[in-house]
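This report refers to the structure that appears directly beneath it.
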Amino acid sequence: MKVLVTGGMGYIGSHTCVQMIEAGIEPIIIDNLCNAKEMVLDRIEMISGVAPAFYHGDIRDESVLDSIFTEHDIKAVIHFAGLKAVGESVAKPLEYYDNNVNGSLVLARSMRKAGVKNIIFSSSATVYGDPASVPITESFPTGATTNPYGRSKYMVEECLSDLFTSDPSWSITLLRYFNPVGAHPTGLMGEDPQGIPNNLMPYIAQVAVGRREKLSVYGNDYPTPDGTGVRDYIHVMDLADGHLAALTHVGLKSGLHIYNLGTGKGSSVLDMVEAFSQACGKGVAYEICPRRAGDIAECWANTEKAERELGWKATRSVKEMTEDTWRWQVANPQGY
Ligand code: NAD
Ligand code: UDP
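Those letters in the sequence shown? Residues 43 to 378, per my numbering, in order.
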């Protein structure tokens, strides 16, 4: 079975492609390489033994999408392509809405033309905003987002939901990721942020490898056990497997399917610093700084729905997340 993977050269997409190939599914990748390197394709091949078909193109280019659907008998689309830096989205809202929202609309239109009506969309726990309680279930209210990136994810969810209402023969799966971290256990693939990392785990990894002096811990006065923010970190390999489970169980069945992909467990910033220190065998320098604007105190998933309906559950521990990240970081100190 052929599946179009938009943004398949990126962090989550590349790991998902490897797991797809191992499961006998053929990924066809489109990526404009705005946040990825072509070398990722070699790494996918080194791990899986297969170099997927790759189109260097933009999802906003409808003619490219149309020609891919003509050339290949594609059964479904996993849609990762998008911009994802929260801070940058505040500075460049038009670029974010154009890439993430308009890009998704162009994709859906091309899919409709081609008669391909199965899409799995990379959404985010950010659509829940600041939740009234934890753990978060899929029925919690969405939309109280605090930045253009989060709003773009919410808008695409709404657009795809409206599309389903207009034509219930679509299969639309919205996967709300919690905090993806970790790397492929071979150390050949991992997260390769350009410039200064915005996210916790790549920042810690760069401090540990000597690229940055120390981590800024954004606030230790939250109402959490140690005062630092608590998140649901999920290993990128578990996340990749979650996409396969979604594809297998609901991805080809008509319906609007919504799932949290998380572990159901929260870890604080200092928990992650400590786990990483264990993994790399040395301390990770940090200093306590003021809170970062827009951050919430705590956020973790209720994972029962995915477990029940997709037969999927995250199995990899924080120890594996930090050890695999460290292996990737040491082998690739400057990224790809
Ligand atoms: P990433 O930046 O590593 O991957 C996205 C890929 O999409 C990149 O390879 C980029 O070059 C490509 N791309 C971007 N715009 C494109 C366009 N217009 N046309 C073609 N290709 C384009 O990011 P990721 O961490 O792998 O995230 C994948 C998806 O998951 C994104 O939609 C992101 O918003 C979502 N998500 C990520 C996280 C996270 O923390 N990493 C959390 C929740 C949701
Ligand atoms: N964080 C931090 N220092 C950093 C980056 C992040 O203390 O350099 C904290 C952040 O305040 C939050 C947690 O780490 O509590 C996870 O942040 P990240 O940006 O990775 O993900 P988010 O949950 O914000 O999407």
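All residues carry an ideal CB built from backbone N, CA and C; glycine is no exception.
- Screening all residues for a C-beta within a distance smaller than 6 Å of any heavy atom in the ligand UDP leaves Asn221, Asn240, Asn241, Leu242, Tyr245, Leu257, Ser258, Val259, Tyr260, Gly271, Arg273, Val311, Arg334 and Asp337, in chain order.
- In this structure, DSSP gives Arg218 an extended state, which the three-state scheme calls strand.
- Counting only residues of its own chain and dropping the five nearest sequence neighbours on each side, Glu180 has a CB closer than 7 Å to the CB of Ile300, Tyr301, Asn302 and Lys347.
- With 16 or more other CB atoms across the displayed protein chains lying within 10 angstroms of its CB, Pro69 is buried.
- In this structure, the straight-line span from the alpha carbon of Val60 to that of Asp280 is close to 12 Å.
- Annotation for Ala339 indicates a beta carbon at 7 Å or more from all heavy atoms of the ligand NAD.
- Taking 8 Å as the cut-off, the Cβ atoms of Ser165 and Lys126 do not count as close.
- Using a C-beta cut-off of 8 Å, the segment 169-177 makes contact with the segment 185-200, since at least three inter-stretch Cβ pairs fall below that distance.
- Here Ile72 has Thr48, Tyr97 and Gly99 as same chain residues with Cβ atoms under 6 Å from its own Cβ, once five neighbours each way along the sequence are excluded.
- Taking 7 Å as the cut-off, one finds at least one heavy atom of the ligand NAD near enough to the beta carbon of Ala123.
- For Gly129, same chain residues with a beta-carbon under 7 Å away, outside a window of 5 residues either side, are Asn240 in chain order.
- Minimum Cα-Cα distance from Lys361 among the listed residues Thr345, Ser309, Arg333 and Gly284 corresponds to Ser309.
- At least one heavy atom of the ligand NAD is found less than 7 Å from the C-beta of Lys126.
- At least one heavy atom of the ligand NAD lies closer than 7 Å to the C-beta of Ser166.
- For Cys322, the shortest separation between its Cβ and any heavy atom of the ligand NAD does not lie below 7 Å.
- One alpha carbon belongs to Thr345, the other to Phe163, and they sit about 18 Å apart.
- For Leu202, the closest of Leu149, Gly323 and His57 by C-alpha to C-alpha distance is Leu149.
- For the pair of segments examined, the segment 206-218 was found to touch the segment 289-296: the number of CB pairs separated by less than 8 Å reaches three.
- When the beta-carbon positions are compared, Thr367 and Ala288 stay at least 8 Å from each other.
- According to the DSSP assignment, Leu257 belongs to the beta strand (DSSP E) that extends over Leu257 to Tyr260.
- According to the DSSP assignment, Lys347 belongs to the alpha helix (DSSP H) that extends over Glu346 to Leu352.
- DSSP links Phe96 through a beta bridge to Ile71.
- A distance criterion of 7 Å places the beta-carbon of Cys76 in contact range of the ligand NAD, judged by its closest non-hydrogen atom.
- DSSP, reduced to helix, strand and coil, places Gly297 within a strand of the structure shown.
- Relative to the ligand NAD, Thr48 has its C-beta within less than 7 Å of a heavy atom.
- Excluding five sequence positions before and after Asn374, the CB atoms of its chain that fall closer than 8 Å to its own CB belong to Gly229, Gly232 and Asp234, given in chain order.
- Looking at the DSSP output, Ala156 bridges to nothing.
- When secondary structure is reduced to three states using DSSP, Arg334 falls in the coil class, being assigned neither helix nor strand.
- Residue environment analysis places Ser175 among the exposed positions, since fewer than 16 neighbouring C-beta atoms fall within 10 angstroms of its C-beta.
- Residues of the same chain with a CB within less than 7 Å of the CB of Val251, apart from the 5 flanking positions on each side, are Gln371, Val372 and Pro375 in chain order.
- Distances between the C-beta of Ile86 and the heavy atoms of the ligand NAD are all 7 Å or more.
- Here Ala65 has Leu286 as same chain residues with Cβ atoms under 7 Å from its own Cβ, once five neighbours each way along the sequence are excluded.
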